[in-house]
């Protein structure tokens, strides 16, 4: 059964008080994650995504009559490319995957679909960021009735930021102030690219939500007391712990914890998805890259796994995605892909977001062993 | 040798600018950054163009303070200065740094070779002197008096708009004629004095036909109805006829912000060029007088230090593309990768200059 954001918040308020900090995975219903092979972004894409969602019980029961917010991944400056390849073939969620997702949601009766991303260091409209990437935003706007875009790196259309509290106080932050778009929706979708990540080991549907943090509060140019008007720079201090967010937002729980990105980022992003739960996680790896999250990572390379993964639990979806990438979702720090960082999934699991134990996840569609694409060997 | 620059030859106008290139942080050897973190580029292109407009018929010589006695410039900085002048129709007043001057005096092979390369660069542009007469292929115009109280702001706006790679024309407010705005998508009117009735009418007619006017409250009361839509931090949008007026909420006092905002307000949909994998390539779009050929000038202000392979997206279609550079007397063919509303060409590493010529 699905519930609206408001219903979820009301239920969560009561549930959090009763739950122990470290929820045991056994308390969580068996999540289902679907895998589909999809060799390219041509005509085969839409049916593959339809099958993906059908295996999860169909989009209709999740989105019909609802406002759906879809957080895509367009990390970094639009002018970066891995060699000659367009960004969508390597580190950006492909616009055709976004368009197909939006189209299928419209077909499933979504009242409104809002496509969200925090554009790099800018308050420009998301459409403008897409145009700089050589995308045609109208393709997405016309994929369903009532499609909107919003750049969530700043206050945007609202008069104030929306406060999201982390269950159990969180690992690093007891709450976050985000653009209103993450509150003004009934269904929240993380539409991610399947990649490794220099700081977090992997970037999937959970890490994609790091980009919900507005740079006006969590960015290098954030105001000290109040959010800055304009976003500037990346979220470097969230990595380094060199300063705190704007004082208007919840501060770090314990500033004496290690100032190491490999310690901090996995905990922070686990807090983010606990505070702003993901209702549908989609991880795209038709074409993507190995070795890092963007072309600025040395020795990164383009790959074509031809895989789509989706689930209604982001931890389970990321666990299956990790397995598809050839990694163990139970891996500890010091082992691939977490050579220099902690395992985000472990911290999300501790907050009760979901399980990363493959034995507790029902995998539908293509079995993991048939979808396996070992990133480290690609 | 040019002699005394305060008394230039007849027919020459001397304009003093900055030494073109990436501005370096003193003592650290690192490139200075602009507010977005991108390297800060100095270019005199805007100055050459404005001087041509203000002093029609004159040859524009561009000069900058010579390097300090102990400053040794890489050869690329000299070549950039030559290209940065020639591309915009000016001529660089060659000024040697101490290392190059001493080396030449001593006949040092490296200095002699460098001097020969500078000469070759000047001969390259001289062989293509017709390019200097090719008009800019603009989508935006800056309309201003460029003088008096508006001199500093309008000059900085020209300078900083160039850094966004927005292709713009420079239009004098005085004597403005409607045909000066033909084919443009947007006009920036930055002046603090309201336009005359005649200028105002021409600009509003431009808007009514589908253009965008970007201005501030000093324009005066603007006609049109407020439009809802994408929020802009510093502007509200008024609809007038088929076009829009982007009215600043407060009279802008930062030309950098105006330049940044203008490219968004005018929309990247009308970009002439987008350069991927290079943050130091400056672009200048021109078209031949008969309209049959386009030339996209690219100057690598990093002097070849940016080694990532760059790709240029250029609006529109073309049958053939070729690349002019200092490396060869003949242009080299470029493969065209068709795109939806334009084309892409994959560029080799550009040491200093590349001219992408498109036919058809």
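Chains as they are written, first to last, in the numbering used here: chain A, 2 to 379; chain B, 537 to 896. Beta carbons are placed, not taken as given, at the ideal position from N, Cα and C, and that holds for glycine. The structure displayed is predicted, hence computed values, not measured ones.
{"Item": "Would you mind reading off the limits of the alpha helix (DSSP H) that contains residue 797 of chain B?", "Value": "791–802"}
{"Item": "Compute the beta-carbon to beta-carbon distance between residue 846 of chain B and residue 811 of chain B, rounded to the nearest angstrom, for a pair I have assumed lies under 8 Å.", "Value": "6 Å"}
{"Item": "Let me see if you follow: with CB-CB separation under 8 Å, is residue 821 of chain B close to chain A or not?", "Value": "no"}
{"Item": "Closer than 7 Å by beta-carbon distance: list the chain B residues that pair up with residue 231 of chain A, in chain order.", "Value": "769"}
{"Item": "Determine, for residue 800 of chain B, whether the minimum Cβ-Cβ distance to residues of chain A falls below 8 Å.", "Value": "yes"}
{"Item": "What residues from chain A crowd round residue 849 of chain B, counting only those whose CB sits closer than 9 Å?", "Value": "135"}
{"Item": "So with Cβ pairs under 8 Å, would you call residue 237 of chain A a contact of chain B?", "Value": "no"}
{"Item": "Taking 8 Å as the CB-CB cut-off, is residue 162 of chain A touching chain B?", "Value": "no"}
{"Item": "Using the Cα positions of residue 585 of chain B and residue 671 of chain B, report the straight-line distance between them to the nearest angstrom.", "Value": "10 Å"}
{"Item": "To which residues does DSSP link residue 155 of chain A through a beta bridge?", "Value": "Answer by DSSP bridge pairing: none, since residue 155 of chain A is not bridged."}
{"Item": "Which partner residues of residue 670 of chain B appear in the DSSP bridge assignment?", "Value": "Note: residue 670 of chain B sits in no beta bridge, so no partner."}
{"Item": "At the 8 Å Cβ level, is residue 124 of chain A part of the contact set with chain B, yes or no?", "Value": "yes"}
{"Item": "Look up residue 81 of chain A in the DSSP assignment and say whether it is helix, strand or coil.", "Value": "coil"}
{"Item": "So is residue 220 of chain A in contact with chain B if we call contact Cβ pairs under 8 Å?", "Value": "no"}
{"Item": "For chain B, check one thing: does any of its Cβ atoms lie closer than 8 Å to the Cβ of residue 132 of chain A?", "Value": "yes"}
{"Item": "Could you give the distance in angstroms between the alpha-carbon of residue 886 of chain B and the alpha-carbon of residue 857 of chain B?", "Value": "16 Å"}
{"Item": "CA-CA distance, residue 144 of chain A and residue 100 of chain A?", "Value": "6 Å"}
{"Item": "What residues from chain B crowd round residue 227 of chain A, counting only those whose CB sits closer than 7 Å?", "Value": "Those within 7 Å of residue 227 of chain A in chain B number zero; the least Cβ separation is about 15 Å."}
{"Item": "Along chain B, which residues have their Cβ under 9 Å away from the Cβ of residue 129 of chain A?", "Value": "766, 799, 800, 803, 804, 805"}
{"Item": "If we define contact as Cβ-Cβ less than 8 Å, is residue 84 of chain A a contact residue for chain B?", "Value": "yes"}
{"Item": "Report the residues of the region 65–82 of chain A with a CB closer than 9 Å to any CB of chain B, ordered along the chain.", "Value": "78, 79, 80, 81, 82"}
{"Item": "Of all the CB atoms in chain A, is at least one closer than 8 Å to the CB of residue 780 of chain B?", "Value": "no"}
{"Item": "Within the chosen definition, does the region 182–193 of chain A reach the region 207–217 of chain A through at least 3 CB pairs nearer than 8 Å?", "Value": "yes"}
{"Item": "Would you list, in chain order, the members of the region 668–696 of chain B that have their beta-carbon closer than 9 Å to a beta-carbon of chain A?", "Value": "none"}
{"Item": "Determine the chain B residues that contact residue 157 of chain A at a beta-carbon separation under 9 Å, and present them in chain order.", "Value": "767"}
{"Item": "Are the C-beta of residue 757 of chain B and some C-beta of chain A separated by less than 8 Å?", "Value": "no"}
{"Item": "Quick one: does residue 570 of chain B have its CB under 8 Å from some CB of chain A?", "Value": "Legend: pLDDT at residue 570 of chain B = 43, less than 50; position of this residue unreliable, value from coordinates given subsequently. It does not: the Cβ of residue 570 of chain B has no partner Cβ on chain A nearer than 8 Å."}
{"Item": "CB residue 596 of chain B to CB residue 551 of chain B, shorter than 8 Å?", "Value": "yes"}
{"Item": "Hey, residue 752 of chain B and residue 784 of chain B: beta-carbon distance below 8 Å or not?", "Value": "yes"}
{"Item": "May I have the straight-line CA-CA distance separating residue 564 of chain B from residue 370 of chain A, to the nearest angstrom?", "Value": "The pLDDT assigned to residue 564 of chain B is 42, lower than 50, so where the model puts this residue is not dependable, and the model offers no usable value."}
{"Item": "Where do the ends of the alpha helix (DSSP H) carrying residue 106 of chain A lie?", "Value": "96–108"}
{"Item": "For residue 701 of chain B, decide whether its Cβ has a neighbour in chain A, counting only Cβ atoms nearer than 8 Å.", "Value": "no"}
{"Item": "Between the alpha carbons of residue 36 of chain A and residue 134 of chain A, how many angstroms are there, rounded?", "Value": "28 Å"}
{"Item": "Count the other C-beta atoms from every protein chain shown that fall within 10 angstroms of the C-beta of residue 871 of chain B, then say buried if there are 16 or more, exposed otherwise.", "Value": "exposed"}
{"Item": "Specify whether the region 311–325 of chain A and the region 50–60 of chain A touch according to this definition: at least 3 beta carbon pairs, one from each stretch, less than 8 Å apart.", "Value": "yes"}
{"Item": "Mark residue 799 of chain B as exposed unless 16 or more other C-beta atoms lie within 10 angstroms of its C-beta, in which case mark it buried.", "Value": "buried"}
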